[in-house]
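Right, one structure below, let's go through it.
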Amino acid sequence: MTNSGKPDGLDPVDRRIVQELLADARITNAQLAEKVGVAPSTALLRTRQLTERGVVSGYHAEVNLAAIGRAVQALISVQLNGHNREEIDRFTSRVPALPEVVATYHVSGAVDYLIHLAVADTDALRDWVLDYLTTDPVVGHTETTLIFNRMEGNAGLLAGEG
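Quick note on numbering: UniProt numbering labels position 110 of the sequence shown as 110, and the sequence is numbered without any gaps.
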């Protein structure tokens, strides 16, 4: 436990600020203060402290990938041939920077990585896998799963909230 009495170290004001920022990261400080019920100077100070502590790690724009010509999304499971540190480092430094990669996850289980990809069409998907994965000697196996629909979860909600 921390001095706030909560295991996450957030008091009720901090928790409310985080919830409001999750709901609308573009909210003005004055609006945030009003919604949380604190003075604007308090809201600003608390938000800065939450950022400095790493609780708030960024503010992001969400882009409609289909609207920018990347209508086909997929998750590609990647199993490596071996686990040589140099090869892993090369793979993990190269793959996230490749075109059309939305995110790369290093995972446990039957596969080593999941790559979230957004491309124009299924031909582009096939070509991307061939060009960037199957030709890589460290890659032993890939499996591509198309994403038909993404449903938002509540990963941003704080425990016991919302």
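Just so you know, even glycine gets a beta-carbon here, dropped at the ideal spot from N, CA and C. Just so we're clear, the structure is a prediction, and the values are computed from it rather than from any experiment.
| Query | Result |
| --- | --- |
| By Cβ distance, which residues of its chain are closer than 7 Å to A39, with the 5 residues on each side in sequence left out? | A33 |
| With a CB to CB cut of under 8 Å and the five nearest residues on each side skipped, what residues in its chain are close to N29? | P40, A43, L44, T47 |
| Below 8 Å, how does it come out for the stretch 73–85 and the stretch 141–148: are there three or more Cβ pairs, yes or no? | yes |
| I need the DSSP call for S57, collapsed to helix, strand or coil. | coil |
| With three or more C-beta pairs closer than 8 Å as the rule, is the stretch 90–106 touching the stretch 116–124? | yes |
| Starting from the Cα of V56, find the closest Cα among V36, D14, G37, T122 and give me that residue. | D14 |
| Using only alpha-carbon positions, find the residue among G82, F91, A23, L65 that is nearest to Y132. | F91 |
| Please state the DSSP three-state secondary structure of E100. | coil |
| So T47 is in the alpha helix (DSSP H); what residue range does that whole segment cover? | 40–52 |
| Nearest CA to the CA of R26: which residue from H60, A110, T135, N149? | H60 |
| What does the alpha-carbon distance come out to for the pair T135 and P96? | 17 Å |
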